[in-house]
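Structure below.
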């Protein structure tokens, strides 16, 4: 009996020691987690202190030139959307999306190469190719995904990729994924670009790809595509252009920066989005030579491992390209609004960035807190804009990025200008 009792006691002590060890491990784990969360909390606190913390305003209406914001008593004019053509809530797109829902369902629960390709997807790819004058097109869930997929699929260690220093984050991330030799030239500096191209040729790189945004979304300036294409011809390089902030509205017929710069047919690869001017939902694409598209269908990881584009988005996007083929009235209305805003804001004394024809109009302020406070004051006046600061833009380059839309009336644009001027004077920005 005593032996049994002793054995039982030993087992209890062993269990107690094991329990104590587990408790100690849990304490260590809790302390580590708590330290990690405290670190993150301090990072957020620092952003709040510096004025770079970003709060999300909640919209309670469809996207349009005028929206309602949660907590607001009156509608406000929206001057911060990528809704350049005003199509985000267009009745024709809603009808097309609803029709596609009825005929093709809500989703496909599959990637493209398994059972995720419908006739709508192939029709849309064909329409995009026709619009850009290219051989073929491949759809992605977003242009971020398209940028993540193309460089890794097309370039190897023997190749060179040469990127503008202010290219979009998705381009930077996509280039990081590939094994090509990476170079960066100073923003739209063609002399620096040529120096790098010479170096790449001298090193015997197999292929050279120049990579640039067509429109730089934070600055509103436009890549000098003619000069870039001339250098590409001289040094046997490919030209890649991200057209997210140009497709549908820049150029006489909305064909983007290649049309604006007179280099249609000279751009090798175009990546763009369906999520801005072309309805504003989701979806991106790569369009270009058939060989590029064939390779990407088999090697681009975001394409191979992401669900296909929703049928409703594909159906509505087909309607967008049908509308664009019928005329350029929306393009012209947008340009009229851009001219009105830029001309009067410059005359008032504001410092603006960007190309005169670009509907992205950065109002440069420098100080992050001033940008945030000015945006808040403008919202109280019924103008919805957002202040941008580090890390979205460089330190000391804080701004309010105003974005024009074809949906804005002349009167709405004037209201925005007047509010900026009044608040600019009140905050000492204007004399």
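Numbering (our numbering), first residue to last: 115 to 545.
Even glycine gets a Cβ: it sits at the ideal position worked out from N, Cα and C.
These numbers come from a predicted model, not from an experiment.
Report task. Could you check the C-alpha separation between residue 284 and residue 188 for me, to the nearest Å? Result -> 36 Å
Query raised in the report: How big is the Cα-Cα spacing for residue 410 and residue 506?
Result: 30 Å
Report task. Return the chain-ordered ranges of every alpha helix (DSSP H) run that is complete within the region 296 to 361 and spans a minimum of 4 residues. Result -> 304 to 316 and 339 to 348
Query raised in the report: Which whole runs of the alpha helix (DSSP H) in the region 493 to 523 are 4 residues long or more, in chain order?
Result: none
Requested in this report: Thinking residue 288 and residue 264 are a contact (beta carbons under 8 Å), I'd like their distance in whole angstroms, please.
Outcome: 7 Å
Report task. Just mark residue 155 as buried or exposed, buried being the case when its beta carbon has 16 or more other beta carbons within 10 Å. Result -> exposed
Requested in this report: Consult DSSP for residue 434 and reduce its assignment to one of helix, strand or coil.
Outcome: helix
Report task. Report the three-state DSSP secondary structure of residue 258 (helix, strand or coil). Result -> Helix.
Query raised in the report: DSSP puts residue 386 in a beta bridge; with which residues?
Result: DSSP, once it has assigned bridges, lists 399 as partnering residue 386.
Requested in this report: Verify the CB distance criterion: does residue 201 have a CB-CB separation below 8 Å to chain C?
Outcome: No chain C appears in this structure, which consists of one protein chain only.
Report task. Inspect the CB distances between the region 266 to 278 and the region 419 to 437 and report whether three or more fall short of 8 Å. Result -> no
Requested in this report: For the alpha helix (DSSP H) holding residue 407, just list the boundary residues, first then last.
Outcome: 404 to 413
Query raised in the report: Can you tell me whether DSSP reads residue 606 as helix, strand or coil?
Result: Nothing can be reported for residue 606: it is not among the residues displayed for the chain, which extend from 115 to 545.
**Report entry** Three-state secondary structure assigned by DSSP to residue 277
**Finding:** Note: residue 277 maps to strand in three-state DSSP.
Query raised in the report: Can we say the region 353 to 367 touches the region 319 to 329, given the rule of at least three CB pairs closer than 8 Å?
Result: Between the region 353 to 367 and the region 319 to 329, the count of Cβ pairs shorter than 8 Å is three or higher; the stretches touch.
**Report entry** Any 3 or more C-beta pairs closer than 8 Å across the region 205 to 219 and the region 514 to 523
**Finding:** no
Query - Cα-Cα separation, residue 453 to residue 469 - result: Looking at the two C-alpha atoms, the distance is approximately 11 Å.
Query raised in the report: Which whole-angstrom value describes the C-beta separation of residue 338 and residue 383, a residue pair presumed to lie in contact below a C-beta threshold of 8 Å?
Result: With a Cβ gap of about 18 Å, residue 338 and residue 383 do not count as contacting.
Report task. Determine, using beta carbons only, whether residue 407 and residue 400 come nearer to each other than 8 Å. Result -> Contact flag set, yes.
Query raised in the report: Can you tell me the Cα-Cα spacing of residue 368 and residue 436, whole angstroms?
Result: The straight-line gap from Cα to Cα measures roughly 13 Å.
Query raised in the report: Quick one: is residue 324 buried, meaning 16 or more other Cβ sit within 10 Å of its Cβ, or exposed?
Result: buried
Query raised in the report: Counting along the chain, where does the beta strand (DSSP E) carrying residue 474 start and finish?
Result: Start and end: 474 to 480.
Requested in this report: Determine the DSSP secondary structure at residue 250, reduced to helix, strand or coil.
Outcome: strand
**Report entry** Best match in 186, 197, 540 and 217 for proximity to residue 177 [C-alpha to C-alpha]
**Finding:** 197
**Report entry** Where the alpha helix (DSSP H) through residue 451 begins and ends
**Finding:** Residue 451 -> alpha helix (DSSP H) spans 443 to 462.
Query raised in the report: Does the distance from the CB of residue 482 to the CB of residue 164 come in under 8 Å?
Result: yes
Requested in this report: Count the CB pairs spanning the region 441 to 455 and the region 245 to 260 that are closer than 8 Å, and state whether there are at least three.
Outcome: no
**Report entry** Closest residue to residue 271 among 294, 253 and 279 (Cα-Cα distance)
**Finding:** 294
Requested in this report: Please name the residue in 257, 152 and 195 whose C-alpha comes closest to that of residue 171.
Outcome: 195
Requested in this report: Pick helix, strand or coil for residue 173, following the three-state DSSP scheme.
Outcome: Strand.
**Report entry** Straight-line gap, residue 167 to residue 158 (C-alpha atoms, nearest Å)
**Finding:** 7 Å
Query raised in the report: Among the residues of its own chain, which have a CB less than 7 Å from the CB of residue 533, if the five just before and after it don't count?
Result: 492, 495 and 497
Query raised in the report: Would residue 463 pass as a contact of residue 545 if the rule is Cβ separation under 8 Å?
Result: yes
Query raised in the report: With DSSP run on the structure shown, which of helix, strand or coil describes residue 197?
Result: coil
Query raised in the report: Using the C-alpha atoms, what's the distance from residue 373 back to residue 472?
Result: The straight-line gap from Cα to Cα measures roughly 14 Å.
Query raised in the report: Do residue 362 and residue 438 have their CB atoms nearer than 8 Å?
Result: Yes; because the gap between Cβ atoms is below 8 Å, this pair is in contact.
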